Amino acid sequence: MSAATANRNGNGAFTPPCVGLRLHGLRKSFGAVRAVDGADLELRAGGTCSVLGPSGCGKTTTLRLIAGLERPDAGEIVVGGRVVSSADRFVPAEQRRIGMVFQDYALFPHLDVAGNVGYGLGRKPDGGRIREALELVGLTGSEKRPVHELSGGQQQRVALARALAPTPDLVLLDEPFSNLDASLRDRLRQEVSQILRTAGVTALFVTHDQEEAMSIAETVAVMRDGRVEQAGTPEEVYLRPASRWMAEFLGDIEVLPGDAADGRASCELGSLPAGDVSGDCDVLVRPESVAIGVSGPSSAAHAKVVSRRFFGHDQLVGLRLESGQVICSRRLGFPAWHPGDRVQAWIEGPAEVLPRTNGGSPPGRSVAEQQVAVAHDDDVA
Ligand SMILES: Nc1ncnc2c1ncn2[C@@H]1O[C@H](COP(=O)(O)OP(=O)(O)OP(=O)(O)O)[C@@H](O)[C@H]1O
Ligand SMILES: [Mg+2]
15 MSAATANRNG NGAFTPPCVG LRLHGLRKSF GAVRAVDGAD LELRAGGTCS VLGPSGCGKT
75 TTLRLIAGLE RPDAGEIVVG GRVVSSADRF VPAEQRRIGM VFQDYALFPH LDVAGNVGYG
135 LGRKPDGGRI REALELVGLT GSEKRPVHEL SGGQQQRVAL ARALAPTPDL VLLDEPFSNL
195 DASLRDRLRQ EVSQILRTAG VTALFVTHDQ EEAMSIAETV AVMRDGRVEQ AGTPEEVYLR
255 PASRWMAEFL GDIEVLPGDA ADGRASCELG SLPAGDVSGD CDVLVRPESV AIGVSGPSSA
315 AHAKVVSRRF FGHDQLVGLR LESGQVICSR RLGFPAWHPG DRVQAWIEGP AEVLPRTNGG
375 SPPGRSVAEQ QVAVAHDDDV A
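Read left to right, the sequence shown gives residues 15 to 395 (my numbering).
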């Protein structure tokens with residue numbers, strides 16, 4: 015049944031048709047290893063979601079549970095509005111209307127392109143549907159080509175066409191681009207993202223690449239220790255991280271000690287809204303939200319430039335604040351800042367205030383401290 019119509023779930027209740035995928039309290043252990051440990055996620059029908067997380071956090075296992083290749087210990091899985099797995103229901107993999115694309119393409123070498131794409135379409139595959147699927151992935155007219163003659167990128171498109179040909183309710187992609195070189199990978203991921211949107215299919219991608227995760231999907235889910243730590247739009251998870259761990263996992267972050275009262279937090283770089291946080295807090299700021307200038311707002315901090323790395327389009331400027339804390343500012347490539355420059359620094363852009371956690375994450379060196387260490391800069395105030 016398609017996601018466009020309401021479905022009756024295993025308990026006889028209706029699930030709204032707009033649910034593309036829902037995981038609730040999903041659990042799976044292998045012996046003593048809790049591979050998936052209470053994962054929750056909800057995706058609208060037709061939505062795309064990328065799944066990120068450290069190695070071993072349960073991404074592949076989650077995909078295999080959704081596909082029906084593993085049986086969960088607990089929890090519920092809804093695909094296209096239909097309960098496919100719960101305490102009293104287990105729909106077999108071949109009846110789940112799910113397409114899968116793997117890192118290694120998993121094509122059949124003895125079949126041509128049409129044979130591979132038509133594989134999931136039954137004994138007498140519909141040639142029209144194969145043509146449509148190949149057109150969708152930009153391989154029109156390739157039906158008769160042997161798959162071993164195709165480039166890596168073309169093979170991955172065939173794998174995608176094969177997954178899409180049976181018009182699935184959901185497509186699962188497990189690191190689909192990680193075998194491709196950087197430039198092809200960049201091009202193909204944008205294309206695949208567009209193809210999935212055009213097909214209007216709900217899709218879940220696993221990737222290790224944070225930029226890829228944020229640039230191709232409308233939702234990013236970050237997994238940690240078998241759970242979804244945070245899911246939201248790319249902007250939400252990057253700019254409004256729910257925890258210090260999330261902030262550190264998803265890019266460079268500086269953490270300044272602060273003090274919050276009456277809805278505002280103050281830290282060395284000034285004052286900012288604190289929501290309902292009060293007392294000791296951490297102010298989490300991305301280097302691109304740290305502004306510098308020869309003069310700044312009255313609340314700006316005095317700082318000394320201690321290092322600089324120039325990347326062409328931008329530069330990372332290491333700053334030592336009067337407290338001695340070293341932080342980093344990411345600026346456009348101009349004007350150039352130099353070690354020894356006296357500047358003012360302030361927050362300009364999103365920053366997050368969280369209650370002080372005292373070691374919610376390992377006390378790794380900040381971006382700027384690492385940079386200073388590399389530069390061996392001894393011109394430090
Ligand atoms: N079939 C299995 N038997 C035993 N342990 C398993 C099995 N499959 C996965 N695991 C364990 O479950 C945990 C989660 O594995 P999973 O493959 O889901 O991680 P992942 O997030 O996909 O990691 P990666 O990013 O390295 O691909 C790991 O500790 C792994 O060793
Ligand atoms: Mg994996």
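Just so it is clear, CB atoms sit at the ideal spot from N, CA and C, and this is done for glycine as well. If you're wondering where the values come from, they're calculated on a predicted model, not measured in any experiment.
Ligand 1 has no heavy atom closer than 8 Å to the beta-carbon of Glu163. Close CB contacts of Arg85 within its chain, under the 7 Å cut and outside five residues either way in sequence, are with Phe104 (chain order). Contact fails between the segment 116-132 and the segment 239-248, because fewer than three Cβ pairs, one in each stretch, are under 8 Å apart. Apart from the 5 residues on each side of it in sequence, Asp239 sits with its Cβ closer than 7 Å to the Cβ of Asp51, Cys71 in its chain, given in chain order. Across the structure, Ala101 and Pro182 are spaced so that their CA atoms are roughly 24 Å apart. In chain order, the residues with a C-beta atom nearer than 7 Å to some heavy atom of ligand 2 are Lys73, Thr74, Asp188, Glu189, Val220.
Within the model, the alpha-carbon separation for Arg110 versus Phe219 is close to 18 Å. If you draw a straight line from the Cα of Leu135 to the Cα of Ser197, it is about 33 Å long. Beta-bridge analysis with DSSP links Trp360 to Ala305. The bridge partners DSSP lists for Glu268 are Val299. In this structure the segment 344-357 touches the segment 295-306; the number of beta carbon pairs closer than 8 Å is three or more. Taking 8 Å as the cut-off, one finds at least one heavy atom of ligand 1 near enough to the beta carbon of Gly67. Secondary-structure assignment with DSSP links Cys281 through a beta bridge to Gly272, Gly284. Phe116 has its CB no nearer than 8 Å to any heavy atom of ligand 1. For Thr221, the closest alpha carbon among the candidates Gly354, Asp87, Ala231, Arg201 is that of Ala231.
The DSSP-derived three-state label of Glu243 is strand.
Here the C-alpha atom of Ser313 lies approximately 27 Å from the C-alpha atom of Ala256. Within the model, the alpha-carbon separation for Ile144 versus Pro369 is close to 55 Å. Under the three-state reduction of DSSP, Asp200 is assigned to helix.
One Cα belongs to Gly39, the other to Ala365, and the distance between them is close to 31 Å. In this chain, the beta strand (DSSP E) harbouring Val98 covers 96-100. The shortest C-alpha to C-alpha distance from Lys42 to any of Val331, Asp328, Thr74, Glu56 is the one to Thr74. In this chain, the beta strand (DSSP E) harbouring Glu366 covers 365-369.
Spanning the alpha carbons of Asp223 and His352 requires a straight line of approximately 32 Å.
Of the heavy atoms belonging to ligand 1, none sits nearer than 8 Å to the Cβ of Phe104.
Look at Arg176 here: in three-state DSSP terms it is helix. Annotation for Phe44 indicates a beta carbon within 8 Å of some heavy atom of ligand 1. DSSP links Leu37 through a beta bridge to Leu55, Ile91.
Residues Gln117, Asp118, Gly166 of the same chain have their beta carbon placed closer than 7 Å to that of Asn193, with the five preceding and five following residues left out of the count. Under DSSP, Phe104 takes part in a beta bridge, and its partners are Ser99.
A residue is called buried once 16 or more other Cβ atoms fall within 10 Å of its Cβ, and Lys138, having fewer, is exposed. With contacts defined by Cβ atoms closer than 9 Å, Leu55 and Ala235 form a contacting pair.
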